[in-house]
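Enquirer: Pasting in a structure now, in structure tokens, and then I'll have a few things to ask.
Residue numbers (the UniProt record's numbering): 1 to 159.
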């Protein structure tokens, strides 16, 4: 689940400028390796594609079916172990990390529907996973985006 949020948040706005953690090959390789990938060019291309499609799906701009092409050639195989039934995902090596993020999105939607969402700050491009009991979190960070939004509303009220 952390890799899913990290992938969605790998293209933030910093000082009004987009910073793409997967844009530069060296930075992208480092990001992929930190998340268990190999950092190959094919893997980075697929991660960028997965990020963009996931972003559109989470924002409601695309239907979940748009994720289908990312899962082509992927198979799940059941195995009986001493612990019970275990599913093993078989995928081309360069696609493993992207497939894992799509599967993490699916698991999140199944267990915590509607809790993965974009930050409510219109000047922010980050996403959050609301783990609160009330399901009312709105900002990726209360210290940054939440504070800015509350200060903006206070200023408008007192103006």
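The beta carbon of each residue, even a glycine, is placed where N, CA and C say it ideally should be. Just so you know, these numbers come straight off a predicted model, no measurement behind them.
#1: Return yes when the Cβ of residue 116 is within less than 9 Å of the Cβ of residue 123, no when it is not.
#2: Name the residue from 11, 2, 128, 153 whose alpha carbon lies nearest to the alpha carbon of residue 114.
#3: Locate the beta strand (DSSP E) running through residue 100, then write down its first and last residues.
#4: Between 99, 49, 135, 17, which has its C-alpha nearest residue 75's C-alpha?
#5: When DSSP labels each residue in this structure, what does residue 22 get in the three-state scheme?
#6: Are the stretch 72-86 and the stretch 18-37 in contact at 8 Å, needing three or more beta carbon pairs?
#7: Can you list, in chain order, the residues of its chain with a C-beta nearer than 8 Å to that of residue 58? Leave out the 5 residues immediately preceding and following it.
#8: Start and end of the alpha helix (DSSP H) containing residue 44?
#9: Pick out the complete beta strand (DSSP E) segments inside the UniProt domain "Zinc finger CGNR" (115-157), 3 residues or longer, and give them in chain order.
#10: Could you tell me if residue 39 is buried or exposed, where buried requires 16 or more neighbouring beta carbons within 10 angstroms of its beta carbon?
#11: So, with DSSP's three-state summary, where would you put residue 84?
#12: Which residue's Cα is closest to the Cα of residue 45: 20, 56, 65, 149?
#13: Alpha carbon to alpha carbon, how far is residue 140 from residue 92?
#14: Using three-state DSSP, classify residue 191 as helix, strand or coil.
#15: Go through its chain and collect everything with a Cβ distance to residue 47's Cβ below 7 Å, but skip five positions before and after it.
#16: Quick one: is residue 37 buried, meaning 16 or more other Cβ sit within 10 Å of its Cβ, or exposed?
Expert: Result, derived from the coordinates:
#1: Here residue 123 corresponds to residue number 123 of the chain shown, with the count starting at 1. Here residue 116 corresponds to residue number 116 of the chain shown, with the count starting at 1. Contact flag unset, no.
#2: Within the chain shown, residue 114 is the residue found at index 114, counting from 1. Considering only alpha carbons, the answer is 128.
#3: On the chain shown, position 100 is the one that residue 100 refers to. Residue 100 -> not in any beta strand (DSSP E); alpha helix (DSSP H) instead, spanning 96-111.
#4: As a first step, residue 75 is located in the chain shown; it is residue number 75 there, counting from the start. Comparing Cα positions, the closest option is 99.
#5: Against the chain shown, residue 22 aligns to sequence position 22. Here residue 22 sits in coil by DSSP.
#6: no
#7: The residue you call residue 58 lines up with position 58 of the chain shown. The answer, listed in chain order, is 8, 105, 116, 117, 118, 127.
#8: Within the chain shown, residue 44 is the residue found at index 44, counting from 1. Start and end: 41-58.
#9: 116-118, 127-129
#10: Taking the chain shown and counting its residues from 1, one reaches residue 39 at position 39. Buried, since its Cβ has 16 or more Cβ neighbours within 10 Å.
#11: In the chain shown, counting from the first residue as 1, residue 84 sits at position 84. Three-state result, residue 84: strand.
#12: Here residue 45 refers to the residue found at position 45 when the chain shown is read from its first residue. That would be 20, whose Cα lies nearest to the Cα of residue 45.
#13: Position 140 of the chain shown, counting from 1, holds the residue named residue 140. Position 92 of the chain shown, counting from 1, holds the residue named residue 92. Going from the Cα of residue 140 to the Cα of residue 92 covers about 33 Å.
#14: Here the chain covers residues 1 to 159 and nothing more, so residue 191 does not appear.
#15: By 1-based counting over the chain shown, the position of residue 47 is 47. So the qualifying residues of the chain are 7, 22, 32, 97, 98.
#16: In the chain shown, the residue the question calls residue 37 occupies position 37. By the neighbour-count rule (16 or more Cβ atoms within 10 Å), residue 37 is buried.
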